[in-house]
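Undergrad: Position 42, counted from 1, in the sequence shown is what full-length UniProt numbering calls 42; the numbers after and before it change by one each time, with no gaps.
What follows is a single structure, and I will ask about it in a moment.
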Amino acid sequence: MTIVVIWLIAFAVILFLCYSRWESSISPGLDKLLPAVMKTHGDNRLVWSLALAVLGATTLVRPVDILLTAIVILLLVLVGRKLAGWAMNRVDR
1 MTIVVIWLIA FAVILFLCYS RWESSISPGL DKLLPAVMKT HGDNRLVWSL
51 ALAVLGATTL VRPVDILLTA IVILLLVLVG RKLAGWAMNR VDR
């Protein structure tokens with residue numbers, strides 16, 4: 001029960017900070033990182049704030065789970081790139 005309360009408090013704080021500081025810091029920072037299709041336009045403020053709050057609160061409460069998930073995703077991307085390169089080499093012959 002304590003973990004749920006800590007997660008909810010962290011979620012509320014991160015959501016409040018992201019939503020209140022959207023124009024000054026969050027939106028320009030996201031625009032630098034994201035491709036043009038995913039750029040933060042005015043109507044996505046709540047969606048991005050909620051997503052960042054969930055990720056931030058989960059990272060604070062369960063950092064090992066987030067780290068292992070990031071490692072698995074990285075490995076899948078690397079294997080996918082290698083398979084795509086191998087397939088492209090087979091097609092070119």
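Using N, Cα and C, we set each Cβ at its ideal position, and we do this for glycine too.
Alpha carbon to alpha carbon, how far is Val79 from Met88? Give it in angstroms, no decimals.
TA: Going by the C-alpha atoms only, they are around 14 Å apart.
Undergrad: Excluding the 5 residues flanking Ile3 on each side, which residues of the same chain have their C-beta closer than 7 Å to its C-beta?
TA: Contacts found: Val61.
Undergrad: So for Lys82, helix, strand or coil by DSSP?
TA: Lys82 falls in the helix class under three-state DSSP.
Undergrad: Would DSSP call Arg90 helix, strand or coil?
TA: Note: Arg90 maps to helix in three-state DSSP.
Undergrad: Between the alpha carbons of Phe11 and Tyr19, how many angstroms are there, rounded?
TA: Phe11 and Tyr19: Cα-Cα distance of roughly 12 Å.
Undergrad: Tell me which same chain residues have a C-beta within less than 8 Å of the C-beta of Leu38, skipping the five on either side of it?
TA: The sequence given here has Met at residue 38, not Leu. Contacts found: none.
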